[in-house]
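Step one of this worksheet: look at the structure below.
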Amino acid sequence: MGRRHPTRSRVMAHAGLVAGIVLLALPLVLGDLYLVRIFTLVGINLVMVTGLSLLFGYAGQISLGHAAFFGLGAYTSGFLTRLGWPWVAGLLAGVLVAAAGGLLLALPSLRLKGHYLAMATLGFGEIALFFFTEAESLTGGSDGLREIPAAAIGGFSFDTPTLKYALVWATAALVLLLAANVVRLRPGRALRAIHGSELGAQACGIDTVRIKTQVFVISAGLAGLAGVLYAHYIGFVSPSTFTLNLSLILVAMVALGGMGSLSGAVAGTVLLTLLPYADAIIPGLSRDTVAFLQDWESDIHGLVLILVMLFMPGGIAGLGRQLAVRLRRTSRTAEGGAS
Amino acid sequence: MSMLSVRGLTRRFGGLTAVDNVSFDVYEGTIHAIIGPNGAGKSTAFNLLTGFDTPDAGEVRFEGTRVTGLRPHRVTRLGIARTFQNTQLFDSMSVLENVLVGTHWHTKTGFLRAALHLPGVRAEERDSRELARHHLRLVSLEHLADVPARDLPHGQRRLLEIARALATRPRLLLLDEPAAGLNSAETGQLAGTLYRIRDMGVTIVIVEHDMGLVMDVSDEVMVLNEGAKIAEGPPRLIQKDPAVIEAYLGGDGGA
């Protein structure tokens, strides 16, 4: 019985992969540019939420300041490429600056727990937002940075919506693949152990401070990477993007998907990113409905977060697991009845 | 020379001296029990031995190395493993994964190696799983390897914590009330498990309330009362020690 488990989950993983590829190809096949644009945003959010999932979903360390790392990546790369740096250099710098910001925040605050860590990260987010708004010579102040060039590697520029879409999703797929490797092996188990019992983890010889610092830096770096993708996709960054609101949405995406589940985080990201663009997915949706979803977006996110905490603490992944258990049970009783 | 040497260990909480100038030695290959009435300072002593708490005075040496002042994970890496009075399992993880975490410090796949699935990662993972299954067999939990730890009943949670501790490759294993909540059949099995662990070359220190188990398995017993050592010696002599009888019967009876 224990042997059937891995093959079954492998089948599920492959099915998920195929479904993902079909879904991704769809906007291109349909040639619908609106859809392509929205799904590019989904891909950017996925990179960011994968990082937050490692930190919050797996290690149980909350961050209410991830918008800051997103912003650090976006501004750094935007600023440098406007000076004429190649995109790849801007990308590396953006990731590094965001990761360094993560380290700076992790060192003092990872000794804090629960609400205190939440407050520290929230404070960091607000300080970063203040910096984005006030450091005009670097960030353009509240007007932001304009005319950020499109991503380019060598002489090849990703300057059409389709190319941008491909670049973002290639990055997102790569990030997800690497993260999926991490979570099912030794480091992933260490993260979940810290979440489960920090005392137990220490008793197993895990340097919990070190691992928490590492995952915080990785998480911040991935948010920075998402920021770089965003800056060169939109071509314009301003402080209004990097608010507490965004940090909260990211937390909601992880929680909706289910703690300690990457596939859940993917589902949460897709659902909540698409919410304000429901008209692109569901044809014939009235203009009023779409306007309602857009106006009340933050409220809906908050509501989702509360409902998930109250009624489905396992999130989408938890529901999936319950369903799988129930299916297995019914199939077993069916087999029993037949024999 | 003793394997674990404790000298003048003292820990105060405000006006209360939880552990009061306690010295003792644990010799390799033995099962050493620490007993005493509730609040005698047994669990505090365990925390002081494993880096989860820092003494106000005194020191602990393990095979000559100073343990006092080291953080808990460092103590584990020296070869001292422990379980907890309130089991500290990873509830959302499977039974096997719990034991796999025990192999953490002597395996080396980090974030980068795991992410890129570099050569050697697969082999190490396979070896770790084999080792973890071996330890599960030792405590008769192998058939539950894929069950989430949170679904285990109390007695098996204690056994799982022992398997996880063994996976850290200890030479000294500290067990904090392993028989608490076990029925008599389970306690009997536990005694057998303790002998098997000792015969693997792991020295055991056990804090326990179950006198039957203590008198049965231990080579040496130390008795704490109100933080201080009041007796030590082989179990047969301890049972007859007037100070011990006074601490157990007098203390509880008078209250």
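Sequences listed follow chains W and L, in order.
Quick note: to get the numbering used here, add 10 to the position in the first sequence (first position is 1).
Quick note: to get the numbering used here, add 2 to the position in the second sequence (first position is 1).
Don't be surprised by glycine CBs; every beta carbon is placed ideally from N, CA and C.
Contacting residues, own chain, Cβ-Cβ under 7 Å from residue i (five flanking each side not counted)
i      : result
W:V227 : A109, G112, L113 and A116
L:L143 : V97, Q158, L161, L162 and A165
L:N49  : D55
W:R13  : Low confidence applies to W:R13: its pLDDT is 41, below 50, so where it sits in the model is not reliable, and the reading given next is rough at best. Excluding positions up to five away in sequence, the list is empty.
L:T52  : P74, V77, I82, R84 and L176
L:T46  : R13, A20, V21 and D55
W:L101 : S87 and V238
W:T343 : none
Segment limits, alpha helix (DSSP H) that includes residue i
i      : result
L:F113 : F113 to L118
W:V280 : L272 to L284
W:N395 : Absent from the model: residue 395 of chain W. The displayed extent of chain W is 11 to 349, so no value can be given.
W:T131 : G124 to E144
L:E30  : Note, L:E30: premise wrong, no alpha helix (DSSP H); not H, not E.
W:F302 : R297 to D305
W:A161 : Counting along the chain, W:A161 falls outside any alpha helix (DSSP H), and DSSP gives it neither H nor E.
L:R135 : V123 to L140
Nearest to residue i (by Cα), restricted to the options the options
i      : options                           : result
L:Q191 : L:L146, L:L176, L:G157 and L:V204 : L:G157
L:M5   : L:G43, L:N49, L:R63 and L:G16     : L:R63
L:R128 : W:G325, W:L239, W:A145 and W:R196 : W:R196
W:P159 : W:V335, W:R92 and W:D309          : W:R92
L:A181 : L:T85, L:E210 and L:L133          : L:E210
L:V101 : L:D27, L:R115 and L:T85           : L:T85
L:H75  : W:A77, W:A84, W:L209 and W:F66    : W:L209
W:M58  : W:G81, W:Q71, W:L38 and W:I137    : W:G81
L:D243 : L:G229, L:L168 and L:V225         : L:V225
L:Y29  : L:V103, L:E179, L:P57 and L:G235  : L:G235
L:V8   : L:N40, L:A249 and L:T70           : L:T70
L:N23  : L:A59, L:H34 and L:D201           : L:A59
W:L232 : W:G83, W:S308 and W:A25           : W:G83
W:V192 : L:R173, L:R68 and L:K110          : L:K110
L:E222 : L:P57, L:F26 and L:T67            : L:F26
L:R173 : L:L154, L:N185, L:M202 and L:L196 : L:M202
Per-residue DSSP class, three states only, for residue i
i      : result
L:E99  : helix
L:H211 : coil
L:T205 : strand
W:F166 : strand
W:I31  : helix
L:I36  : strand
W:R14  : A caution first: W:R14 carries a pLDDT of 42, below 50, which makes its placement in the model too unreliable to give a value.
L:G235 : strand
W:G104 : helix
W:R342 : helix
W:G198 : helix
L:N88  : coil
L:M224 : strand
L:L18  : strand
L:L196 : helix
L:D243 : coil
Endpoints, the beta strand (DSSP E) within which residue i is located
i      : result
L:T12  : L6 to F15
L:R84  : I82 to R84
W:M322 : No beta strand (DSSP E) contains W:M322, which DSSP labels as neither H nor E.
Euclidean distance between Cα positions of residue i and residue j
i      : j      : result
W:K222 : L:L251 : 48 Å
W:A213 : L:A117 : 25 Å
W:S349 : W:L337 : With a pLDDT of only 40 at W:S349, under 50, the local geometry of the prediction cannot be trusted, and no value is derived from it.
L:H137 : L:H108 : 15 Å
W:G198 : L:G112 : 9 Å
W:M322 : W:V261 : 15 Å
L:A233 : L:I206 : 19 Å
L:A193 : W:P118 : 46 Å
W:L317 : W:G274 : 16 Å
W:T340 : W:Y240 : 46 Å
L:Q90  : L:T189 : 20 Å
W:G135 : L:G41  : 46 Å
W:L272 : W:V264 : 9 Å
W:G330 : W:A277 : 11 Å
W:L201 : W:V225 : 8 Å
Close beta carbons around residue i, own chain, < 6 Å, minus the five adjacent residues each side
i      : result
W:D4   : Shown here, chain W extends from 11 to 349; a query on residue 4 of chain W therefore has no answer.
L:E99  : none
W:N55  : T279 and T283
W:L43  : P171
W:A156 : Before going further, note that residue 156 of chain W is Arg rather than Ala in the sequence given. These residues qualify, in order along the chain: F246.
Contacts around residue i, its chain only, beta-carbon distance under 8 Å, and the 5 residues preceding and following it disregarded
i      : result
L:R198 : L140
W:A288 : L295, T299, V300 and L303
W:L36  : L45
L:M95  : V103, P150 and A151
L:L72  : G53 and L80
In the region 200-213 of chain W, which residues sit with their C-beta less than 8 Å from some C-beta in chain C, listed in chain order?
Absence of chain C from the displayed structure is noted, the protein chains being W and L.
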